[in-house]
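2 protein chains.
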Amino acid sequence: MGGQSPRRRADARRNEKALLDAAAEVFVGAGVNAPVRDIATRAGVGTGTIYRHFPTRADLIIAVYRHQVEACAEAGPALLASSDTPYAALAHWIDRFVDFLVTKHGLAAVLRSDDAGFDALHASFLDRLVPVCARLLDAAAAAGEVRSDLEAYELMRAVGNLCIGAEDDPRYDARRLVGLLVAGLRPSP
Amino acid sequence: MGGQSPRRRADARRNEKALLDAAAEVFVGAGVNAPVRDIATRAGVGTGTIYRHFPTRADLIIAVYRHQVEACAEAGPALLASSDTPYAALAHWIDRFVDFLVTKHGLAAVLRSDDAGFDALHASFLDRLVPVCARLLDAAAAAGEVRSDLEAYELMRAVGNLCIGAEDDPRYDARRLVGLLVAGLRPSP
DNA sequence: AACGATACGGAACGACGTTCCGGTTGTCGA
DNA sequence: TCGACAACCGGAACGTCGTTCCGTATCGTT
Chain A
1 MGGQSPRRRA DARRNEKALL DAAAEVFVGA GVNAPVRDIA TRAGVGTGTI YRHFPTRADL
61 IIAVYRHQVE ACAEAGPALL ASSDTPYAAL AHWIDRFVDF LVTKHGLAAV LRSDDAGFDA
121 LHASFLDRLV PVCARLLDAA AAAGEVRSDL EAYELMRAVG NLCIGAEDDP RYDARRLVGL
181 LVAGLRPSP
Chain B
190 MGGQSPRRRA DARRNEKALL DAAAEVFVGA GVNAPVRDIA TRAGVGTGTI YRHFPTRADL
250 IIAVYRHQVE ACAEAGPALL ASSDTPYAAL AHWIDRFVDF LVTKHGLAAV LRSDDAGFDA
310 LHASFLDRLV PVCARLLDAA AAAGEVRSDL EAYELMRAVG NLCIGAEDDP RYDARRLVGL
370 LVAGLRPSP
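From first to last, the protein sequence lines stand for chains A and B.
According to the numbering used here, the first sequence holds residues 1 to 189 in order.
According to the numbering used here, the second sequence holds residues 190 to 378 in order.
Structure (structure tokens):
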């Protein structure tokens with residue numbers, strides 16, 4: 001991967017960028033489940049164009065948040081190197097992931113796999129982040145700071161689930177609950 | 190509440206029961222988000238009839254699971270009386286709640302509030318169960334077994350969220366993760 | 001300038017939740 | 001028993017959504 005194969009037409013490249021920008025704006029206001037037509041209108045293109053560039057809605061979401069997911073992934077090793085203990089690094093990294101999810105309307109809700117069609121998004125995000133989480137988790141387990149019988153995949157899904165619906169309910173503080181879950185990771189006495 | 194006010198027509202009562210039975214069957218196979226038309230067909234009625242008896246889909250879901258929610262609510266005080274410690278009672282009760290959610294396809298996913306229109310279901314379930322949970326939580330807090338800075342509402346929502354998508358993913362064990370969360374409730378050392 | 005490949009726009013399709021209304025059927029008083 | 005009226009029913013119809021399809025416009029090249 002690297003070179004964009006044969007070189008596409010100028011209008012195609014222009015429209016792809018317009019769509020990404022429009023989608024990002026619409027997502028902020030109306031959540032990741034905003035109607036496709038709204039995104040197309042905002043970008044000034046037809047609905048057909050959106051599907052030519054992003055075969056499924058999940059592909060569009062992936063593209064919009066690609067950079068942020070990448071940044072989160074890269075923060076993992078950095079935190080491990082700069083934190084006092086592996087457990088502290090894990091806790092901070094998960095905080096960062098939670099911040100990402102909570103600030104994107106409805107993104108967490110779409111991370112769950114049961115809605116067919118979002119498998120691609122599910123896989124894309126998790127494929128990138130689970131190994132990072134696994135490294136932090138393993139380091140903490142090796143240091144005896146957490147129990148060692150939990151998969152990173154399971155932890156990531158749990159954190160994602162805990163973030164669902166956290167945007168519009170002042171009585172529900174996802175950050176705190178994730179903190180509780182992470183606290184529950186410590187080895188039983 | 191108690192007496193069904195003026196006494197409805199016989200066919201109305203018959204259809205309501207047929208609808209409840211049909212919905213329960215369809216929910217098992219296709220989840221609580223099964224198409225309304227499927228339920229109407231299975232019950233042998235038109236789609237209009239379903240909305241006359243249950244103004245919104247949430248009302249139908251509430252009616253279908255009313256008995257099980259009630260049973261779960263009643264188990265709370267019983268567990269508190271029969272368990273060794275309040276914390277054990279809380280843990281068992283939450284296990285029971287998790288069993289309920291996990292065995293109903295997609296029910297947990299619909300407990301989150303962000304989908305407008307499911308507010309009624311959200312409120313109905315939580316209004317009944319949050320006080321029960323609060324009593325267990327308070328008892329455990331009073332015994333010094335758990336930290337005391339968490340609302341029952343928040344805990345219930347967290348447990349509900351953790352159960353989302355637990356049916357169709359063998360790599361995700363909601364019961365265990367809820368267990369971890371409950372473990373995280375213990376006071377910090 | 002002219003041509004072929006490429007990409008565009010938006011009408012069209014099917015599925016869904018929900019509403020509406022003409023026809024039917026229970027119920028109750030006479 | 002019977003008629004009339006309110007209650008109730010079925011399913012067609014509407015609006016919204018994601019997605020597909022195809023006639024047309026545009027780009028890049030010769």
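Positions of the beta carbon are idealized from the N, C-alpha and C atoms, including for glycine.
Quick caveat, the model's predicted, so the values are computed rather than measured.
At least 8 Å separates the beta-carbon of A247/B from that of A297/B.
Taking a Cβ-Cβ cut-off of 9 Å, the neighbours of D173/A in chain B comprise E343, given in sequence order.
Between R301/B and F100/A, the alpha-carbon positions lie close to 19 Å from each other. At least one C-beta of chain B is nearer than 8 Å to the C-beta of N161/A.
For G265/B, the CB contacts under 7 Å within the same chain, skipping 5 residues up- and downstream, are W282, V321, R324, L325 in chain order.
Apart from sequence neighbours up to five positions away, the residues of its chain that approach M156/A with a beta-carbon distance below 7 Å are L126, L129, V130, C133, ordered along the chain. Each residue's CA atom was taken as its position, placing T245/B and N33/A some 22 Å apart. In the same chain as E259/B, and ignoring 5 residues on each side of it, the C-beta atoms closer than 8 Å to its own belong to R317, in chain order. Between I164/A and chain B, the shortest Cβ-Cβ separation is below 8 Å. About 4 Å separates the Cβ atoms of G184/A and L369/B, confirming a contact at the 8 Å cut-off. In the DSSP assignment, L20/A falls within the unbroken alpha helix (DSSP H) covering 10–30. Neighbours of R135/A in chain B, taken as residues at a C-beta separation under 7 Å, are lacking, since the least C-beta distance is about 18 Å.
Shown here, N350/B sits in a helix according to DSSP, grouped into three states.
Within the model, the alpha-carbon separation for Y254/B versus L279/B is close to 22 Å. Among the CB atoms of chain A, one or more fall inside 8 Å of the CB of G373/B.
L269/B is not a Cβ neighbour of V234/B, given a cutoff of 8 Å. Against chain B, the beta carbon of A158/A has neighbours under 7 Å at L351, L366, listed in chain order. Here F118/A has A58, V110 as same chain residues with Cβ atoms under 6 Å from its own Cβ, once five neighbours each way along the sequence are excluded. Scanning its chain for C-beta atoms nearer than 7 Å, with the 5 sequence neighbours on each side dropped, one finds around R37/A the residues T47, in chain order. Taking the beta carbon of R301/B as reference, the chain A residues within 8 Å of it are A109, I164, G165, listed in sequence order. Within the region 327–343 of chain B, R336, D338, L339, E340, Y342, E343 place their CB atoms closer than 9 Å to a CB of chain A, listed in sequence order. Cα atoms of P376/B and F97/A: separation of roughly 25 Å, rounded to the nearest angstrom. Here the alpha carbon of N350/B sits roughly 45 Å from the alpha carbon of R7/A.
Proximity of chain A to L315/B at the Cβ level (cut-off 8 Å) is not reached, the minimal Cβ distance being about 10 Å.
At a cut-off of 8 Å between beta-carbon atoms, L290/B makes no contact with chain A. For L79/A, not one C-beta of chain B is nearer than 8 Å to its own C-beta.
With a threshold of 8 Å between beta carbons, L121/A makes no contact with chain B. Nearest CB-CB separation between L370/B and chain A: below the 8 Å threshold. DSSP places H105/A in the coil class of the three-state scheme, outside both helix and strand. Within a 10 Å sphere around the beta-carbon of K206/B sit fewer than 16 other beta-carbons, which makes this residue exposed. Fully enclosed alpha helix (DSSP H) runs of no fewer than 4 residues are not present anywhere in the region 50–74 of chain A.
Listed in chain order, the non-local C-beta contacts of A174/A below 7 Å within the same chain comprise V98, V102, L162, C163, A166, local neighbours out to five positions each way being set aside. Excluding the 5 residues flanking it on each side, A262/B has same chain C-beta neighbours closer than 7 Å at R317, L318, V321, in chain order.
Beta-carbon to beta-carbon, V146/A and Y51/A are separated by about 44 Å, too far to satisfy the 8 Å threshold. Across the set R360/B, D284/B, R202/B, the C-alpha of R360/B shows the shortest separation from the C-alpha of L150/A.
Selection I39/A, A142/A, H53/A, E25/A evaluated against R9/A yields H53/A as nearest (Cα-Cα).
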